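S.K.: Sequence positions in the sequence shown follow the working numbering and run 1 to 363. Supplied in structure tokens, the structure appears directly below.
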Amino acid sequence: MIRALICLLLAAVWAPAAAQAPRPAAAFHENVPAAYRIEIPSGWQALPNDEVDFAMRDVQADLTLYVRVLEGPYGDDRDAFRTLADFFKSDLDYLVLRQGLKPLPALGREAWNFVMRRTSQPRVELVVVIPQTPNGESSIYYHLRLEAPVRRLDAIESEMDRLLQGFRITGEPGGQPVRPRAEADTFRPPARPGEAPPPPTAAEPLPQRLEAWELGYALRYPAGWTVSRLNEFTVRLSAGRDPRNRESAITIQNMASTVAGGAYEKADDVAGAFRRQIEGLDPKAEFRSQRPFQYARTRLRLTGTEFSAAYRVGGNDWRQWQIVVPRPDGRAFHAWGLTAPAERFDEHAKVAGAILESWVIAP
1 MIRALICLLL AAVWAPAAAQ APRPAAAFHE NVPAAYRIEI PSGWQALPND EVDFAMRDVQ
61 ADLTLYVRVL EGPYGDDRDA FRTLADFFKS DLDYLVLRQG LKPLPALGRE AWNFVMRRTS
121 QPRVELVVVI PQTPNGESSI YYHLRLEAPV RRLDAIESEM DRLLQGFRIT GEPGGQPVRP
181 RAEADTFRPP ARPGEAPPPP TAAEPLPQRL EAWELGYALR YPAGWTVSRL NEFTVRLSAG
241 RDPRNRESAI TIQNMASTVA GGAYEKADDV AGAFRRQIEG LDPKAEFRSQ RPFQYARTRL
301 RLTGTEFSAA YRVGGNDWRQ WQIVVPRPDG RAFHAWGLTA PAERFDEHAK VAGAILESWV
361 IAP
């Protein structure tokens, strides 16, 4: 009896201390240029994934979340939601079970929910598309996709709600300059003895220099254009910050080849993926000037492919100039593309051509 009382007293003494034990700090993934942060809940682990900006998995619950930064243009937010809904419905591998607007009070905007079932395997997915700017024409959308087994269909929306509580938009996707990484193994092009790049002058049409050697290239661009890093593999050069020009942009993506475990074997495979994406936005899209593309600089000779497209989204006409070039080691492809409203495309295409001429791919 006395021993039992001692045990109870010890439990009473230690209980408050145990209750006040510090909780471990929450883990986060943050993409500063793309202006978002998401909490990695307890029991979840980040996954390496070259196809999205961020992925994490709860092995015990058999749940996987993928976060992708979607780049417009899609028109205003309502048009964007309709366009994306049509895109999902056009994919034969998915059966759309439910869709609708989803208020997100913590973010001060509405998102769109798509609950889908994969027809090729017993999985269900919930996609939430969040505009970066509320009640406007966003150029950035956050695409969160939660994958689960079919048996979790009734719980998938509550699981996504839990994850969305840890999602925050941290600001406006910025024009922070892209800097080379400081790791010791970062590629630096060898300099020839006595060779130095000429300093830019005020009269130069492309006075700004982007050195992204960790991505395998460098280029020049005009004053007034902004550069931002959308994710680890994607750079965006926007024609300006004002509403008239910010929709016109050059995007350069590095896409893994089958040699590196990616999905693309040839440059034509990458170009085909872009064509399918455009057709998902507008089934009546027109494709022109499909031909080989020859890159010949710094003694490199690379053969890729290019095409142009005209399509209509959200009641607006757009044009796109897309080039795909393989990396010299065959492990990735550079996908270089200009997208602009049709009425301003020719104006920006001239500048884009000069930027393309300045593009130096590292050997």
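Beta carbons: idealized from backbone N, C-alpha and C, even for Gly. Keep in mind it's a predicted model, so treat the numbers as computed, not measured.
Alpha carbon to alpha carbon, how far is Ile250 from Gly222? Give it in angstroms, no decimals.
M.R.: Indexing the sequence shown from 1 puts residue 222 at position 222. Indexing the sequence shown from 1 puts residue 250 at position 250. Just to set this straight, residue 222 is Pro in the shown sequence, not Gly. Between Pro222 and Ile250, the C-alpha separation is close to 12 Å.
S.K.: Whole angstroms is fine: what's the gap from Arg229's alpha carbon to Ser257's?
M.R.: Here residue 229 is taken as the residue at index 229 of the sequence shown, counted from 1. Here residue 257 is taken as the residue at index 257 of the sequence shown, counted from 1. Rounded to the nearest angstrom, the two C-alpha atoms are 21 Å apart.
S.K.: In angstroms, rounded to a whole number, what distance separates the CA positions of His348 and Asp58?
M.R.: Residue 348 sits at position 348 when you count from the first residue of the sequence shown. Residue 58 sits at position 58 when you count from the first residue of the sequence shown. Cα-Cα distance, rounded: 45 Å.
S.K.: Rounding to the nearest angstrom, what Cα-Cα distance links Trp359 and Tyr217 in this structure?
M.R.: The residue labelled residue 359 in the question sits at position 359 within the sequence shown. The residue labelled residue 217 in the question sits at position 217 within the sequence shown. One C-alpha to the other measures close to 7 Å.
S.K.: Quick one: measure Cβ to Cβ for Ile140 and Ala148, integer angstroms, because I've assumed they're closer than 8 Å.
M.R.: Mapped onto the sequence shown, residue 140 falls at position 140. Mapped onto the sequence shown, residue 148 falls at position 148. Not confirmed; about 26 Å, so no contact.
S.K.: By Cβ distance, which residues of its chain are closer than 8 Å to Thr119, with the 5 residues on each side in sequence left out?
M.R.: As a position in the sequence shown, residue 119 is number 119, starting the count at 1. So the qualifying residues of the chain are Leu92, Asp93, Tyr94 and Leu95.
S.K.: Just checking my contact of Phe307 with Gln294 at CB under 8 Å: how many whole Å lie between their CB atoms?
M.R.: Along the sequence shown, read from residue 1 onward, the residue named residue 307 stands at position 307. Along the sequence shown, read from residue 1 onward, the residue named residue 294 stands at position 294. Rounded, the Cβ-Cβ distance is 15 Å, inconsistent with contact.
S.K.: Given that a residue counts as buried once 16 or more other Cβ atoms are within 10 Å of its Cβ, and exposed if not, what is Ala340?
M.R.: Counting from 1 along the sequence shown, the entry for residue 340 is found at position 340. Answer is buried; the Cβ neighbour count reaches 16.
S.K.: From this set, Val67, Ala34, Asn113 and Phe167, which residue's C-alpha is nearest Phe81's C-alpha?
M.R.: Indexing the sequence shown from 1 puts residue 81 at position 81. When each option's Cα is compared against that of Phe81, the closest is Asn113.
S.K.: Leaving out the 5 sequence neighbours to the left and right, which residues in its chain are closer than 6 Å to Val150 when beta-carbon positions are compared?
M.R.: Position 150 of the sequence shown holds residue 150. Result list for Val150: Pro122 and Val124, in chain order.
S.K.: Along the chain, where does the beta strand (DSSP E) containing Ser289 start, and where does it finish?
M.R.: Walking along the sequence shown from the start, residue 289 turns up at place 289. Ser289 -> beta strand (DSSP E) spans Glu286 to Arg297.
S.K.: Output the distance between the C-alpha atoms of Ala342 and Glu247, rounded to the nearest integer angstrom.
M.R.: Numbered from 1 along the sequence shown, position 342 holds the residue referred to as residue 342. Numbered from 1 along the sequence shown, position 247 holds the residue referred to as residue 247. C-alpha separation (whole angstroms): 11 Å.
S.K.: Hey, would you say Ala111 sits closer than 8 Å to Gln99, going by beta carbons?
M.R.: Position 111 of the sequence shown, counting from 1, holds the residue named residue 111. Position 99 of the sequence shown, counting from 1, holds the residue named residue 99. Cβ atoms of Ala111 and Gln99: not closer than 8 Å.
S.K.: Between the Cα of Arg220 and those of Ile40, Ile355 and Arg301, spot the shortest distance and give me the residue it belongs to.
M.R.: For the purposes of this step, residue 220 is taken as the residue at position 220 of the sequence shown. Taking only the C-alpha atoms, the option nearest Arg220 is Ile355.
S.K.: Of all the options Arg288, Ala362 and Val313, which has the alpha carbon lying nearest to the alpha carbon of His334?
M.R.: As a position in the sequence shown, residue 334 is number 334, starting the count at 1. Comparing Cα-Cα distances from His334 to each of Arg288, Ala362 and Val313, the minimum goes to Ala362.
S.K.: Let me make sure I understand the geometry here. Which of Asp268, Trp225 and Tyr142 has the alpha-carbon closest to that of Arg168?
M.R.: Within the sequence shown, residue 168 is the residue found at index 168, counting from 1. If we check each option's Cα against that of Arg168, Tyr142 comes out closest.
S.K.: Quick one: residues in its chain with C-beta nearer than 6 Å to the C-beta of Arg312, no 5 flanking neighbours on either side, listed in chain order?
M.R.: As a working note, residue 312 is residue 312 in the sequence shown. Closer than 6 Å at the Cβ level, and outside the excluded window around Arg312, lie Asp282.
S.K.: Just reading off the beta strand (DSSP E) that Arg319 is part of, what are its end residues?
M.R.: As a working mapping, residue 319 is identified with position 319 in the sequence shown. Here the beta strand (DSSP E) through Arg319 covers Asn316 to Pro326.
S.K.: Roughly how many angstroms separate the alpha carbons of Val115 and Leu126, rounded to a whole number?
M.R.: Your numbering for residue 115 matches position 115 in the sequence shown. Your numbering for residue 126 matches position 126 in the sequence shown. Cα to Cα, Val115 sits roughly 4 Å from Leu126.
S.K.: To the nearest angstrom, report how far apart Leu104 and Phe274 are at their CA atoms.
M.R.: For this step, residue 104 is matched to residue 104 along the sequence shown. For this step, residue 274 is matched to residue 274 along the sequence shown. When rounded, the distance between both Cα atoms is 31 Å.
S.K.: Give the secondary structure of Ile355 by DSSP, where H, G and I count as helix, E and B as strand, and everything else as coil.
M.R.: Indexing the sequence shown from 1 puts residue 355 at position 355. Three-state result, Ile355: helix.
S.K.: Do we get a CB-CB distance below 8 Å when we pair Ser238 with the residues of chain D?
M.R.: You won't find chain D in this structure, because it holds only one protein chain.
S.K.: With a cut-off of 8 Å on the beta carbons, I'd call Gly166 and Ile38 a contact; round off their distance for me.
M.R.: Position 166 of the sequence shown, counted from the start, is the residue given in the question as residue 166. Position 38 of the sequence shown, counted from the start, is the residue given in the question as residue 38. About 6 Å separates the two Cβ atoms, so the contact holds.
S.K.: Which one of Asp269, Thr226 and Pro292 has the shortest CA to CA distance from Gly240?
M.R.: For this step, residue 240 is matched to residue 240 along the sequence shown. Here the closest residue by C-alpha is Thr226.
S.K.: Within a Cβ cutoff of 7 Å, which residues of the same chain sit near Val351, ignoring the five residues on either side of it in sequence?
M.R.: Mapped onto the sequence shown, residue 351 falls at position 351. Answer for Val351: Pro222, listed in chain order.
S.K.: For the candidate residues Gly353, Leu63 and Arg209, whose alpha-carbon lies nearest to that of Pro41?
M.R.: If you number the sequence shown from 1, residue 41 lands on position 41. Nearest C-alpha to Pro41: Leu63.
S.K.: Within 10 Å of its beta-carbon, does Ser158 have 16 or more other beta-carbons around it, so buried, or fewer, so exposed?
M.R.: Position 158 of the sequence shown, counting from 1, holds the residue named residue 158. Exposed, since its Cβ has fewer than 16 Cβ neighbours within 10 Å.
S.K.: Pull up the CB-CB distance for Val235 and Ile252, whole angstroms please, since I reckon it's below 8 Å.
M.R.: For the purposes of this step, residue 235 is taken as residue 235 along the sequence shown, with counting starting at 1. For the purposes of this step, residue 252 is taken as residue 252 along the sequence shown, with counting starting at 1. Right, their Cβ atoms sit about 5 Å apart.
S.K.: Where does Asp53 land, buried or exposed, given buried means 16+ other C-beta within 10 angstroms?
M.R.: Looking up residue 53 in the sequence shown gives position 53. Per the 10 Å Cβ criterion, buried.
S.K.: Closer than 6 Å by C-beta to Arg209: which residues in its own chain qualify, once you throw out the five before and the five after it? Chain order, please.
M.R.: Reading the sequence shown from its first residue, position 209 is the one you call residue 209. So the qualifying residues of the chain are Arg220.
S.K.: Could you round the C-beta distance between Ala332 and Ala260 to whole angstroms and report it? I think they count as a contact, below 8 Å.
M.R.: Position 332 of the sequence shown, counted from the start, is the residue given in the question as residue 332. Position 260 of the sequence shown, counted from the start, is the residue given in the question as residue 260. Yes, Ala332 and Ala260 are in contact; Cβ-Cβ is about 6 Å, under 8 Å.
S.K.: Just how far apart, CA to CA, sit Gln176 and Pro33?
M.R.: Within the sequence shown, numbered from 1, the residue matching residue 176 stands at position 176. Within the sequence shown, numbered from 1, the residue matching residue 33 stands at position 33. Its pLDDT being 39, under 50, Gln176 is placed unreliably by the model, and the measurement read from it follows with that caveat. Roughly 7 Å separates the two Cα atoms.
S.K.: Hey, quick one: how far does the alpha helix (DSSP H) through Ala263 stretch, first residue to last?
M.R.: For this step, residue 263 is matched to residue 263 along the sequence shown. That residue, Ala263, is in no alpha helix (DSSP H); it is neither H nor E in DSSP.
S.K.: Tell me the DSSP secondary structure of Arg331 in three-state form.
M.R.: Locating residue 331 in the sequence shown gives position 331, counting from the first residue. DSSP places Arg331 in coil when its eight states are reduced to three.
S.K.: Assuming the contact rule is C-beta atoms closer than 8 Å, Ala263 and Gly304 should be a hit. Round their C-beta distance to whole Å, please.
M.R.: By one-based count along the sequence shown, residue 263 stands at place 263. By one-based count along the sequence shown, residue 304 stands at place 304. Actually they are not in contact, since the Cβ atoms of Ala263 and Gly304 sit about 17 Å apart, beyond 8 Å.
S.K.: Give the secondary structure of Asp93 by DSSP, where H, G and I count as helix, E and B as strand, and everything else as coil.
M.R.: For the purposes of this step, residue 93 is taken as residue 93 along the sequence shown, with counting starting at 1. It is coil, neither helix nor strand.
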